[in-house]
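Following UniProt numbering, the numbering of the sequence shown begins with 1 at its first residue and continues without gaps. Even for Gly, the Cβ is constructed at its ideal location relative to N, Cα and C. Taking it in order: structure first as C-alpha cells, then the write-up.
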Amino acid sequence: MAYTSSVALGNVGNFISEMKRDNYVIMGTRNSKPVLLLDNRTSLINKWSDMYRTVLRPKQMVGRFRFSKKEDRTNWQELITPHQDIYWGGETAGAILTGHLVPEIYTIYSNTDRFELMKNLRLIPDASGEVEILRPFWNESTITDTNNTVPPILAYAELISSLDSRNREIAARIKEKYVG
Numbered sequence: 001m002a003y004t005s006s007v008a009l010g011n012v013g014n015f016i017s018e019m020k021r022d023n024y025v026i027m028g029t030r031n032s033k034p035v036l037l038l039d040n041r042t043s044l045i046n047k048w049s050d051m052y053r054t055v056l057r058p059k060q061m062v063g064r065f066r067f068s069k070k071e072d073r074t075n076w077q078e079l080i081t082p083h084q085d086i087y088w089g090g091e092t093a094g095a096i097l098t099g100h101l102v103p104e105i106y107t108i109y110s111n112t113d114r115f116e117l118m119k120n121l122r123l124i125p126d127a128s129g130e131v132e133i134l135r136p137f138w139n140e141s142t143i144t145d146t147n148n149t150v151p152p153i154l155a156y157a158e159l160i161s162s163l164d165s166r167n168r169e170i171a172a173r174i175k176e177k178y179v180g
C-alpha cells in the first residue's frame, strides 16, 4: 500500500485507522482470513476529489504557461510520445479517455525539469496561460497503460470539481467507465 500510493510506510497504519473511523473500510473475511473491505466507495471518491482539489493539487503546481505556436493547441497530443515522463490530466485526460472533449486548459503532470519541458513542448511562462504543469504525486510505475494520462480517478477528481458543466459531464463518463 505504501509503495503504490508513494507514502511513508509509517503513515499506512494511521491511514487505515482513519478509514475505519470514517466507515470507509470494514472488517470482513476472505478464504476464512480477516481482510479489510472498502465500504462507502462513492462517498470516499467524492471526499478524495474534494480534498485533492483543495489540499494536494496546489502543492503540486509548477506553473502556468502558454503554447508558443497556436497550432500546438490543436495538435497537443502529438507533443509527447508514450513512455515519456509526461502525463495528461484534467481536460486533456478527459479528451483522451472519452473522446468527447476539446480541452481549453491543457494539464501536464511531469517530474521533468521545468525548463526542459518548456523547450520540448514549446511553452512560454504566462500566469493566465492555457497550459498548467504539476508534479505527479503517485507511484508512476503503477500506471500500466500507454495513453499518457493520469490515473482515471485523478482525471475524474479534476473534472468533477470544475465549474464547467461540460467537464462535469466528462467526469461522470470517466467515473462510469473507469472508476466505478
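- Residue pairing by DSSP places M61 opposite L134 in a beta bridge.
- For L154, the enclosing alpha helix (DSSP H) stretches over residues 152–160.
- Rounded to whole angstroms, the gap between the alpha carbons of T74 and R166 is 19 Å.
- The beta-carbon distance between I160 and R168, rounded to whole angstroms, is 6 Å. This is short enough to meet the 8 Å contact definition.
- Counting along the chain, the unbroken alpha helix (DSSP H) around G94 starts and ends at 90–98.
- As summarised for the stretch 30–76, the continuous alpha helix (DSSP H) elements at least 4 residues long and confined to that stretch are 41–51, 57–60, 71–74, given in chain order.
- Rounded to the nearest whole angstrom, the C-alpha separation of R64 and P34 is 48 Å.
- Between S43 and G13, the alpha-carbon positions lie close to 21 Å from each other.
- Shortest Cα-Cα distance from G90 to any of I105, Q84, N46 involves I105.
- Scanning its chain for C-beta atoms nearer than 8 Å, with the 5 sequence neighbours on each side dropped, one finds around L37 the residues V25, I26, M27, G28, in chain order.
- Annotation for A95: L101, P103 place their beta carbon closer than 6 Å to its own, counting only its chain and skipping 5 residues before and after.
- When DSSP states are grouped into helix, strand and coil, S110 belongs to the strand group.
- By a beta-carbon distance limit of 8 Å, V150 contacts Y109. Their separation comes to about 6 Å.
- The DSSP-derived three-state label of G10 is helix.
- Your pair R66 and I124 checks out as a contact, with CB atoms roughly 5 Å apart and the cut at 8 Å.
- If you draw a straight line from the Cα of V62 to the Cα of S32, it comes to about 48 Å.
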